[in-house]
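A quick write-up on the structure given underneath.
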Amino acid sequence: MATDSGIDLTMGNGLTEKILATTYKAPGRLGDPNMKLFQDPRAHPKIVEALRAFGMDGSQPNPYADMTLEELSSSTQMAKNHTDTSTLYEILPNDLPGDADEPAVERSTQTFESFDGSTRMLHIFRPAEQHDEDLPCVLYFHGGGMVILDTDNKVHFRWCTSLAALGVVAIAVDFRNAWSSKGRNPFPTGLNDCVSAVKYVNQHRADLRIGRVVLQGESGGANLAIATTLKAKREGWVDEIAGVYAMAPYISNGYGWSDTRKLEELPSLYECEGYWLYTAMTAGMSRFYSGEDTQNPLAWPYYASAEDCAGLPPHVLSMDELDVLRDEGMAYARKLLAAGVEVTSQLNLGVVHGSALIFRKLLPEVHNRAIRDIVGFAKSL
């Protein structure tokens, strides 16, 4: 039996009729193109409530609906994205009642010379009571689409503090964003800063008192963690990276695809459109980052080949259910599996993009589980 869509659903024992007689509706905008985050029964109520206060729960019109790609990818728009997101990070509380009782963490800074001779910063977080021990290192790349957000902000530093409190050395890399108020640093500048940081940290393990190095990031930071590892494989030094933990990876550059291609290839780009993130905004940022270099695996790891992936170190990929980026992370996990890489993946139900990092006070159980998982992964290698 063929449906109106042309799909053959013929099954024995009258099962076809039973399926068609149900009230099943596909999730999100797949079942209702007008669905908004606050209307989606899957959405965590606390997330909806928090975002409503900022007009970001879907109850407001799409702010990017009438903008051209040129406008969306302009320096002016990048500056606005940076300011808006930085302000949100500052406004959202991220302290918890038990913070005063957690193990003390020492914080220091150190500079390194990047690939082009420029001086970049490392922000180092170490458990105070394990000052002289060699500990696993989590090298952290922050999110922001490789384009915006300062390394030094309370959300990123709280994340690294949480990691260090559980017994690793967390190091936040101050790579160059593609946008800054001082000028533009398009791909591959930020990536090459990250590569230089990994090489520096490995060369100075004894001074830093660290063991093996795991790369970790969320969103654009996950892109940089994955791309750094792919580049290390190409250049023959991937053994210096013990593992990769990528959260909500922003890796496809499929944000400007037609709805048809989105539905066929990465349906979450359509299903979760406007669930905090809008693909028009991410399309503008991706263009600002890599320009016409739209399918380079080092800019967009979604396009990595089986040969690129073979021989990579263990990976963990963690995706958020109500994130437009969900399916590209799942697709990359499957690509790694097919290439014989040791990989595990997980889906965080009911939450939007980057919730474990951003909504620490609102969802401490989500934050704490992610931190425990990253630290456990680093210690297991």
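For the sequence shown, my numbering assigns the number 914 to the initial residue and increments by one for each residue that follows.
Note that the Cβ used here is the ideal one computed from N, Cα and C, for glycine as well.
Looking at the secondary structure, which residues open and close the beta strand (DSSP E) in which Thr-998 lies? In the sequence shown, counting from the first residue as 1, residue 998 sits at position 85. Premise fails: Thr-998 lies in the alpha helix (DSSP H), 988-1004, not in any beta strand (DSSP E).
Practice prompt. Quick one: grab the DSSP three-state call for Gly-919.
Written response: Here residue 919 refers to the residue found at position 6 of the sequence shown. Any answer about Gly-919 is weak, because its pLDDT of 42 lies below 50 and its placement is not dependable; what the coordinates show is given next. Three-state result, Gly-919: coil.
- In whole angstroms, what separates the C-alpha of Glu-984 from that of Arg-1020? Locating residue 984 in the sequence shown gives position 71, counting from the first residue. Locating residue 1020 in the sequence shown gives position 107, counting from the first residue. About 40 angstroms.
Starting from the C-beta of Lys-1175, find all residues in its chain whose C-beta is less than 6 angstroms away, skip the five residues before and the five after it, and write them out in chain order.
Reading the sequence shown from its first residue, position 262 is the one you call residue 1175. Leu-1182, Tyr-1183, listed in sequence order.
- Task: Would you mind reading off the limits of the alpha helix (DSSP H) that contains Ala-1077?
- Result: On the sequence shown, position 164 is the one that residue 1077 refers to. Looking at the DSSP string, the run of the alpha helix (DSSP H) that includes Ala-1077 is 1067-1078.
**Asked** DSSP on Ile-1271, reduced to helix/strand/coil?
**Response** As a first step, residue 1271 must be located in the sequence shown, where it is residue number 358. Reduced to three states, the DSSP call for Ile-1271 is helix.
Environment of Ser-1171 [buried if 16+ CB atoms lie within 10 Å]: Within the sequence shown, numbered from 1, the residue matching residue 1171 stands at position 258. Its Cβ having fewer than 16 others within 10 Å, Ser-1171 is exposed.
- Quick one, which of Asn-1166, Val-1237, Cys-1073 has its alpha-carbon nearest Met-1198's? Residue numbering aside, residue 1198 sits at position 285 when the sequence shown is read from its first letter. Of Asn-1166, Val-1237, Cys-1073, the residue nearest in Cα terms is Asn-1166.
Backbone secondary structure at Tyr-1183 - three-state DSSP: The residue labelled residue 1183 in the question sits at position 270 within the sequence shown. In the structure shown, Tyr-1183 sits in a helix (DSSP, three-state: H, G or I).
Taking all protein chains shown into account, do 16 or more other C-beta atoms lie within 10 angstroms of the C-beta of Glu-1234, making it buried, or fewer, making it exposed? In the sequence shown, counting from the first residue as 1, residue 1234 sits at position 321. So Glu-1234 ends up on the buried side.
**OP:** Give the secondary structure of Phe-967 by DSSP, where H, G and I count as helix, E and B as strand, and everything else as coil.
**Re:** Here the question's residue 967 lines up with position 54 in the sequence shown. Here Phe-967 sits in coil by DSSP.
Beta-bridge pairing of Val-975 - partner residues as DSSP gives them: Locating residue 975 in the sequence shown gives position 62, where the first residue counts as 1. In the sequence as displayed, the identity of residue 975 is Asn instead of Val. BP columns for Asn-975 are empty, so no partner.
- Query: Can you list, in chain order, the residues of its chain whose CB lies under 7 angstroms from that of Met-1243, leaving out five sequence neighbours each side?
  - Reply: Translated into the one-based positions of the sequence shown, residue 1243 becomes position 330. Met-1232, Ser-1258, listed in sequence order.
>> At the level of alpha carbons, what is the spacing between Arg-1273 and His-1280?
In response: As a working note, residue 1273 is residue 360 in the sequence shown. As a working note, residue 1280 is residue 367 in the sequence shown. About 5 angstroms.
Figure out for me which residue from Glu-1046, Gly-1263, Ser-1293 has the closest Cα to the Cα of Pro-895. Here the chain has residues from 914 to 1294 only, and residue 895 is not among them.
The beta strand (DSSP E) enclosing Asp-1233, as first and last residue numbers: As a first step, residue 1233 is located in the sequence shown; it is residue number 320 there, counting from the start. It spans 1228-1233 - the beta strand (DSSP E) in which Asp-1233 sits, taken as one unbroken run.
So which of Glu-1205, Leu-1190, Ile-1061 has the shortest CA-CA distance to His-1266? Counting from one through the sequence shown, the residue named residue 1266 turns up at place 353. For His-1266, the nearest C-alpha among the options comes from Leu-1190.
Worksheet item: Between the beta-carbon of Val-1127 and the beta-carbon of Cys-1050, is there less than 9 angstroms?
Response: Along the sequence shown, one-based indexing puts residue 1127 at 214. Along the sequence shown, one-based indexing puts residue 1050 at 137. Result yes, Cβ atoms of Val-1127 and Cys-1050 sit closer than 9 angstroms.
Considering Cα atoms alone, identify which of Met-1034, Met-1059, Leu-1079, Thr-1022 is closest to Leu-1048.
Position 135 of the sequence shown, counted from the start, is the residue given in the question as residue 1048. It is Leu-1079.
Measuring alpha carbon to alpha carbon, tell me which residue in Ile-1037, Glu-1015, Ala-1017 is nearest Phe-1025.
The count along the sequence shown starts at 1 and reaches residue 1025 at position 112. Nearest C-alpha to Phe-1025: Ile-1037.
message: Classify His-1044: buried if its beta carbon has 16 or more other beta carbons within 10 angstroms, exposed otherwise.
response: To locate residue 1044, count along the sequence shown from 1; it is residue 131. When all chains shown are included, His-1044 counts as exposed.
Applying the criterion that 16 or more other CB atoms from any shown protein chain within 10 Å of the CB defines a buried residue, is Ile-1004 buried or exposed?
As a first step, residue 1004 is located in the sequence shown; it is residue number 91 there, counting from the start. Exposed: under 16 other Cβ atoms inside 10 Å.
_What does the Cβ neighbour count give for Asp-1029, buried or exposed, with the cut at 16 atoms within 10 Å?_
As a first step, residue 1029 is located in the sequence shown; it is residue number 116 there, counting from the start. The residue is exposed, with fewer than 16 neighbouring Cβ atoms inside 10 Å.
Just to confirm the assignment: which complete alpha helix (DSSP H) runs, minimum length 4, are found wholly within the segment 1108-1140?
1118-1121
query: Taking Gln-1129 as the reference, which of Arg-1147, Asp-945, Pro-1162, Lys-1144 has the closest Cα?
result: Here residue 1129 refers to the residue found at position 216 when the sequence shown is read from its first residue. That would be Pro-1162, whose Cα lies nearest to the Cα of Gln-1129.
Cβ shell of Arg-1285 (< 6 angstroms), same chain only, five flanking positions each side left out | Walking along the sequence shown from the start, residue 1285 turns up at place 372. Correct list: empty, nothing qualifies.
Check: How far does the alpha helix (DSSP H) with Tyr-1188 in it reach, from first residue to last?
Finding: Stepping through the sequence shown from its first residue, residue 1188 is reached at position 275. Run containing Tyr-1188: none; DSSP gives neither H nor E here.
Test item: CB-CB of Arg-1033 and Arg-1118 under 9 angstroms:
Numbered from 1 along the sequence shown, position 120 holds the residue referred to as residue 1033. Numbered from 1 along the sequence shown, position 205 holds the residue referred to as residue 1118. Against a cut-off of 9 angstroms, the Cβ pair of Arg-1118 and Arg-1033 comes out as no contact.
Check your understanding: Where does Asp-1065 land, buried or exposed, given buried means 16+ other C-beta within 10 angstroms?
Key -> By 1-based counting over the sequence shown, the position of residue 1065 is 152. By the 10 Å Cβ count, Asp-1065 comes out exposed.
- Item | Buried versus exposed, by CB contacts within 10 Å (16 or more), Thr-1142 | Position 229 of the sequence shown holds residue 1142. The residue is buried, with at least 16 neighbouring Cβ atoms inside 10 Å.
Open item on the list: Measuring alpha carbon to alpha carbon, tell me which residue in Leu-964, Asp-979, Ala-978 is nearest Ser-972.
Closed with: Residue mapping note: residue 972 aligns to position 59 of the sequence shown, counting from 1. The residue with the shortest Cα to Cα distance from Ser-972 is Leu-964.
For Val-1082, verify whether its CB is less than 8 angstroms away from any heavy atom of the ligand FAD. Ligands in the displayed structure: none, and consequently the ligand FAD is not present.
I'd like the list of long-range same chain contacts for Ser-1094, defined as Cβ closer than 8 angstroms, with 5 residues on each side in sequence excluded.
Locating residue 1094 in the sequence shown gives position 181, where the first residue counts as 1. Excluding residues within five positions, the ones whose Cβ falls inside 8 angstroms are Ala-992.
| message | Would Pro-1210 and Ser-1203 qualify as a contact pair, given that the criterion is a beta-carbon distance under 9 angstroms? | response | Here the question's residue 1210 lines up with position 297 in the sequence shown. Here the question's residue 1203 lines up with position 290 in the sequence shown. No, Cβ-Cβ distance for Pro-1210 and Ser-1203 is not below 9 angstroms.
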